[in-house]
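FYI, the numbering for the sequence shown is 995 to 1233, going by my numbering.
A virtual CB, placed ideally from N, CA and C, is assigned to each residue, including glycine.
The structure presented is a predicted model; accordingly, all values stated were derived computationally and were not measured.
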Amino acid sequence: MGAIRAGLRLIALAALLLTLLPVHGLWRLARRPSPWPRRFLGTCARIVGARPVTMGTPLPRDVVILANHLSWIDILLLAGFANAVFVAKGELRAAPLVGWLAALNDTIFVARGERMAVGAQVNAVRAAIGPRPVAIFPEGTTGDGMTLLPFKSALLAALDPAPPGVRVQPVAIDYGAATQELAWTGGETGVAHALRVLRRPGGFTAHLRFLPPIAPAGRKAIAAAAQQQIEAAWVRDRE
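This is how it looks when you write it as structure tokens:
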């Protein structure tokens, strides 16, 4: 049954893509901001089983989102329900299909790990802040949903000093009882994890808690404050 379930979900995802691509193209021809990539990604989250529950008030613009990272499903959710664009590793651009879809959603590709390129990365992030929320996963990788990895602050140099009016909003992501089952950890490949999610029976509740904004005051202080807020939100939700 798992293989059949995965096949049906893949068919639904392909049908959705083929339906929305022409509409997106018409928006682009008219030189209008297209809402279809985020609608596509939000619907993909539902197809793979997510039942999104949002709490708090997401800021619509002039904001950098700092969220914990559990899985690629986080990207579908934040794009679909917060209209976010993402900062991603440069090698993702070359990934078949995934890189193309990421580019459609205006992903900011950065060459992480190249110290000489840090200045260019920071400038790219800074330039993107404004019309849409910019989302960064400061853990730098996916975690198990039980313990946060240390938040890295290198890309937050884009907020030091911050552009006028820009704020930082921490977002705590939790998949409830399915968190440990869905978290992408260890040496599992992306393809293996995707197939595991697609084969999974039933749905799961995906909590997105938008926490009170932080006024930018130095990149290390921002990272520490965001991590503290997300950890506190996890404790409250699990009591």
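### Task
On the DSSP bridge assignment, give the partners of LEU1202 in chain order.
Start at 1 with the first residue of the sequence shown, and residue 1202 comes out as number 208. LEU1202 is bridged to THR1048 and ILE1167.
### Task
Just grab the DSSP bridge partners of ALA1129 for me.
Here residue 1129 corresponds to residue number 135 of the sequence shown, with the count starting at 1. Its beta-bridge partners are ILE1059 and PHE1080.
### Terminal residues of the beta strand (DSSP E) in which PHE1103 lies
For the purposes of this step, residue 1103 is taken as residue 109 along the sequence shown, with counting starting at 1. Per DSSP, PHE1103 belongs to the beta strand (DSSP E) from 1102-1104.
### Query
Does the distance from the CB of ILE1102 to the CB of PRO1157 come in under 7 angstroms?
Walking along the sequence shown from the start, residue 1102 turns up at place 108. Walking along the sequence shown from the start, residue 1157 turns up at place 163. No, the pair does not count as a contact, with Cβ atoms beyond the cut-off.
### Query
With a cut-off of 8 angstroms, do at least 3 Cβ pairs link the segment 1215-1223 to the segment 1170-1182?
no
#### Entry: Residues near ARG1045 in its chain [Cβ-Cβ closer than 6 angstroms; skip 5 each side]
Position 51 of the sequence shown holds residue 1045. Counting only Cβ-Cβ distances below 6 angstroms, and skipping sequence neighbours, we find GLY1197 and THR1199.
#### Entry: DSSP three-state assignment for ILE1208, whether helix, strand or coil
Translated into positions along the sequence shown, residue 1208 becomes position 214. Strand.
### Query
Expressed to the nearest angstrom, what Euclidean distance is found between the alpha-carbon atoms of ALA1152 and THR1136?
As a position in the sequence shown, residue 1152 is number 158, starting the count at 1. As a position in the sequence shown, residue 1136 is number 142, starting the count at 1. Each residue's Cα considered, the two are about 22 angstroms apart.
### Message
Rounded to the nearest angstrom, what separates VAL1042 and ARG1003 at their Cα positions?
### Response
To locate residue 1042, count along the sequence shown from 1; it is residue 48. To locate residue 1003, count along the sequence shown from 1; it is residue 9. Their Cα atoms are separated by approximately 7 angstroms.
### Task
Quick one: grab the DSSP three-state call for ARG999.
Reading the sequence shown from its first residue, position 5 is the one you call residue 999. If DSSP states are grouped into helix, strand and coil, ARG999 belongs with the helices.
### Task
Say whether the segment 1026-1034 touches the segment 1066-1079, bearing in mind that this needs 3 or more beta-carbon pairs closer than 8 angstroms, one atom from each stretch.
yes
### Message
If you measure between the beta carbons of ALA1073 and LEU1035, is that distance less than 7 angstroms?
### Response
Here residue 1073 refers to the residue found at position 79 when the sequence shown is read from its first residue. Here residue 1035 refers to the residue found at position 41 when the sequence shown is read from its first residue. Yes, Cβ-Cβ distance for ALA1073 and LEU1035 is below 7 angstroms.
### Query
So which of ARG1194, ARG1230 and THR1173 has the shortest CA-CA distance to ILE998?
Along the sequence shown, one-based indexing puts residue 998 at 4. Taking only the C-alpha atoms, the option nearest ILE998 is ARG1194.
### Task
In the DSSP assignment, find the unbroken alpha helix (DSSP H) run with GLY1093 in it and report its ends.
What you label residue 1093 is simply residue 99 of the sequence shown in a count that begins at 1. Element bounds for GLY1093: 1092-1098.
### Query
Are the segment 1046-1063 and the segment 1126-1140 in contact at 8 angstroms, needing three or more beta carbon pairs?
yes
#### Entry: Proximal residues to MET995 (C-beta, below 8 angstroms), its chain only, five neighbours per side dropped
In the sequence shown, the residue the question calls residue 995 occupies position 1. Only PRO1195 meet the Cβ criterion.
### Query
For VAL1160, which three-state DSSP category applies?
Numbered from its first residue, the sequence shown carries residue 1160 at position 166. DSSP places VAL1160 in coil when its eight states are reduced to three.
### Query
For LYS1146, which of helix, strand or coil comes out of DSSP?
Position 152 of the sequence shown, counted from the start, is the residue given in the question as residue 1146. Note: LYS1146 maps to coil in three-state DSSP.
### Query
If you follow the alpha helix (DSSP H) that GLY1036 is part of, which residue opens it and which one closes it?
Position 42 of the sequence shown holds residue 1036. Here the alpha helix (DSSP H) through GLY1036 covers 1030-1041.
### Message
Distance check for VAL1104 and MET1110, CA to CA, integer angstroms please.
### Response
Taking the sequence shown and counting its residues from 1, the one referred to as residue 1110 is at position 116. Taking the sequence shown and counting its residues from 1, the one referred to as residue 1104 is at position 110. Reliability of the predicted coordinates at MET1110 is poor, the pLDDT of 48 falling under 50, and the value obtained from them is presented with this limitation in mind. Their backbone Cα atoms lie some 12 angstroms apart in a straight line.
### Message
How far does the alpha helix (DSSP H) with THR1173 in it extend, from its first residue to its last?
### Response
Against the sequence shown, residue 1173 aligns to sequence position 179. Unbroken alpha helix (DSSP H) run through THR1173: 1173-1176.
### Query
At which residues does the alpha helix (DSSP H) containing ALA1151 begin and terminate?
Mapped onto the sequence shown, residue 1151 falls at position 157. Looking at the DSSP string, ALA1151 is not in any alpha helix (DSSP H), and its letter there is neither H nor E.
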